[in-house]
Amino acid sequence: MAEDENNPQAAAPAADGADQPQGPQFALQRIYLKDSSFESPRSPVVFQGQWSPKINFDIKTRSSKVQDDIYEVILVLTAEAQMEEQAAFLVEVHQAGLFLCKDFDEAQLEQLLATMCPNILFPYAREAIDGLVIKGSFPALMLSPINFDALYAQQKQAQEQQAAEGGAADEEPPAAETVQ
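The working numbering puts the first residue of the sequence shown at 2, with every later residue one more than the last.
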């Protein structure tokens, strides 16, 4: 018995956590550009006037399970610059990532895929948007950070209000994408 107390290997199985249940695990597996496009239908005419565009910005996220505990999250950023009611440029980036999400309950997983994952992807998508816009010979957009937690909370609140209003929510098919 005294030998076991002095032998560090005898205590090793309990210390390595193999016998203890592990909590939820989250890890980034890969980040990649899934799709991108840039259009400047009025070039070179658009460069001849004073640059004072109206910028329309749209953001969407979607996620899907690709393997056990591995999820693909796609952040879609679209920006359109309009001058005199005509498109100066249209840029769209689909920034994606693979994430390990293990041992989360359904509500936690939903929130993780809608907030944490897009927060990780956003800087990459912002850089891709800026790069495309600059290569099109336009000033950088300098997109501000996005609070995905607040967007998720707004989305959940809207869903709760829609459910509280009754049958209208049951009549519409579920959206294929999570629009934020």
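We put the beta carbon where it would ideally sit given N, CA and C, even for glycine.
One thing to note: Ala141 has its Cβ within 8 Å of the Cβ of Val134. Between Val74 and Lys61, the C-beta gap is not smaller than 8 Å, which leaves the two residues out of contact. Of the residues assessed, Gly98 falls on the buried side of the cut-off, its CB having 16 or more other CB atoms within 10 angstroms. If you draw a straight line from the Cα of Glu40 to the Cα of Ala151, it is about 31 Å long. The distance from the Cβ of Leu114 to that of Ser64 is about 4 Å, consistent with a contact at the 8 Å cut-off. Selection Gly24, Pro146, Gln155 and Gly137 evaluated against Phe48 yields Gly137 as nearest (Cα-Cα). Taking all protein chains shown into account, Tyr33 has fewer than 16 neighbouring C-beta atoms within 10 Å of its C-beta and is therefore exposed.
By alpha-carbon distance to Gln30, the top candidate from Ala164, Glu161 and Val67 is Val67. Nearest to Ala89 by alpha-carbon distance, out of Glu107, Pro54 and Leu122, is Pro54. Selection Tyr153, Asp59 and Phe139 evaluated against Val94 yields Asp59 as nearest (Cα-Cα).
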